[in-house]
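**Student:** This is the structure, below, for whatever I ask next.
Numbering (full-length UniProt numbering), first residue to last: 1 to 258.
Shown next as structure tokens:
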């Protein structure tokens with residue numbers, strides 16, 4: 001890598017990281033408002049989080065929603081990716097494009113479409129509506145990771161298992177799935193992160209009854225602005241960083257660039 005290219009890469013990294021660093025820095029201020037530079041450091045606003053039940057309730061709702069949505073999306077993605085990788089059929093490329101289409105549709109358009117559909121069937125502002133919407137949004141990410149993992153599993157191993165008497169389902173369960181488990185785990189973790197942080201489409205799906213943590217932060221900022229939001233955001237950054245490190249540890253980040 002040339003010197004100028006390295007400088008450019010560092011500038012891009014600094015541009016992306018600077019807002020996150022500022023948020024974390026401001027979360028430790030003892031002042032009543034955002035101020036830089038901070039003369040003293042305090043955990044005041046982190047303790048303040050627990051005095052707002054809305055934040056803790058929203059956190060547990062987000063975790064529950066992300067877990068359920070990610071499990072469903074990962075299961076669907078595994079079978080979708082398996083069909084795309086192992087079989088040849090008419091319309092295969094169109095089906096692949098269809099699975100990736102939520103990435104191409106503007107989030108606002110997708111949110112309005114899901115709102116109209118779920119409201120029409122009487123499921124608007126329910127936990128199911130949130131799960132269904134999040135599954136649609138995060139499935140493409142899981143498919144991409146699992147697709148790459150399945151391509152690394154030689155299909156001859158499945159054939160060998162079936163030649164020894166295993167059914168296709170048994171070969172899939174005992175051979176293909178264990179060998180692609182790292183990719184499946186990567187898809188699950190990435191789907192969890194995307195679900196937990198999703199806010200744009202979620203706004204259309206819920207009222208006061210179901211507020212995820214990102215949506216709770218958004219609504220909190222509409223009423224008041226204080227470093228509590230910076231503290232909550234810092235914890236979210238920490239959680240995402242830990243999950244990304246786990247993802248990198250299992251080799252998952254490479255799955256999204258294959």
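Glycine is no exception: its CB is placed at the ideal position from the N, C-alpha and C atoms.
From the DSSP output, in three-state form, read off residue 57 for me.
**Tutor:** Taking the first residue of the chain shown as 1, we reach residue 57 at position 57. Correct three-state label for residue 57: helix.
**Student:** Excluding five sequence neighbours on each side, which residues of the same chain lie with their C-beta closer than 6 Å to the C-beta of residue 188?
**Tutor:** Position 188 of the chain shown, counted from the start, is the residue given in the question as residue 188. Within the same chain, residue 188 has close Cβ partners 70 and 74.
**Student:** Does the separation of the CB atoms of residue 146 and residue 180 fall below 8 Å?
**Tutor:** Locating residue 146 in the chain shown gives position 146, where the first residue counts as 1. Locating residue 180 in the chain shown gives position 180, where the first residue counts as 1. Their beta carbons are under 8 Å apart, which means residue 146 touches residue 180 by this criterion.
**Student:** Are the CB atoms of residue 237 and residue 5 within a distance shorter than 8 Å?
**Tutor:** Position 5 of the chain shown, counted from the first residue, corresponds to residue 5. Position 237 of the chain shown, counted from the first residue, corresponds to residue 237. Inclusion of residue 5 and residue 237 in the CB contact set at 8 Å is not warranted, their separation being larger than that value.
**Student:** Answer yes or no: do residue 240 and residue 217 have a C-beta to C-beta separation smaller than 8 Å?
**Tutor:** One-based indexing of the chain shown puts residue 240 at position 240. One-based indexing of the chain shown puts residue 217 at position 217. Taking 8 Å as the Cβ cut-off, residue 240 and residue 217 do not qualify as a contacting pair.
**Student:** Taking the alpha helix (DSSP H) that residue 192 falls in, what are its first and last residues?
**Tutor:** To locate residue 192, count along the chain shown from 1; it is residue 192. Counting along the chain, the alpha helix (DSSP H) containing residue 192 begins and ends at 181-197.
**Student:** Would you call residue 183 buried or exposed, if buried means 16 or more other Cβ atoms sit within 10 Å of its Cβ?
**Tutor:** Position 183 of the chain shown, counting from 1, holds the residue named residue 183. With 16 or more other Cβ atoms within 10 Å, it is buried.
**Student:** Take the Cβ of residue 211 as the centre, count every other Cβ of all protein chains shown within 10 Å, and call the residue buried at 16 or more, exposed below.
**Tutor:** Within the chain shown, residue 211 is the residue found at index 211, counting from 1. Classification for residue 211: buried.
**Student:** Within the same chain, show all residues whose beta-carbon is closer than 6 Å to that of residue 14, passing over the 5 residues directly before and after it, in chain order.
**Tutor:** Within the chain shown, the letter at position 14 stands for residue 14. The answer is none, since no qualifying residue turns up.
**Student:** With a cut-off of 8 Å on the beta carbons, I'd call residue 16 and residue 230 a contact; round off their distance for me.
**Tutor:** Along the chain shown, one-based indexing puts residue 16 at 16. Along the chain shown, one-based indexing puts residue 230 at 230. Actually they are not in contact, since the Cβ atoms of residue 16 and residue 230 sit about 18 Å apart, beyond 8 Å.
**Student:** In the structure shown, what three-state DSSP assignment does residue 166 receive?
**Tutor:** In the chain shown, counting from the first residue as 1, residue 166 sits at position 166. Note: residue 166 maps to coil in three-state DSSP.
**Student:** Go through its chain and collect everything with a Cβ distance to residue 56's Cβ below 7 Å, but skip five positions before and after it.
**Tutor:** Here the question's residue 56 lines up with position 56 in the chain shown. 50, listed in sequence order.
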